[in-house]
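Student: Its first residue numbered 9, the sequence shown is counted upward by one per residue in the working numbering. We treat Cβ as the ideally placed atom computed from N, Cα and C, and that holds for glycine. I have a structure I would like to understand better, so I am pasting it below and will then ask my questions one at a time.
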Amino acid sequence: MKRKTFLIEFLGAIGAEEIHWKTESETSIAGTVFYEIGNSEETQDFVWHAQEYDIPSDKVLLLAELLHENKLLSLDKITVSRQELHKLFCAKIGYIMSEEEFLSVLNALKSIEVPMVDNGKETDIFFIHE
């Protein structure tokens, strides 16, 4: 369940309007991203090779949620400065997080790769970068 929660925010930040879940096992979760609800032409299959205990921390989830809620990505690129993102994140969590700790959270988010699947093969990745 935590994998789904994270992917909703992560893929949502990248532009997913809806996710249809296909398969879920102990080692992976797969589905289809819909960029426009009801438009089967604007979709992308994916598979994330992660177990429930591999998911990022709650702080990384909150950062993905912030990016999603505030539409702070252009495709997969963060559209605000690192300083502005830090400020917005501190406001979201309700306390001033050190620059060092924030960078750790940001780097953890940027390290996540969710493979795209085309014709049954992993062809590209979803990721977030500055």
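#1: In whole angstroms, what is the alpha-carbon distance linking K67 and E73?
#2: Report yes or no: do three or more beta-carbon pairs, one from the stretch 32 to 50 and one from the stretch 83 to 90, lie closer than 8 Å?
#3: On the CB-based measure, 16 or more other CB atoms within 10 Å of its CB, does Q59 come out buried or exposed?
#4: May I have the straight-line CA-CA distance separating N47 from S106, to the nearest angstrom?
#5: Using three-state DSSP, classify S112 as helix, strand or coil.
#6: DSSP beta-bridge partners for L15?
#7: Please state whether DSSP places L83 in a helix, a strand or coil.
Tutor: Looking at the atomic coordinates:
#1: 10 Å
#2: no
#3: exposed
#4: 43 Å
#5: helix
#6: BP columns for L15 are empty, so no partner.
#7: coil
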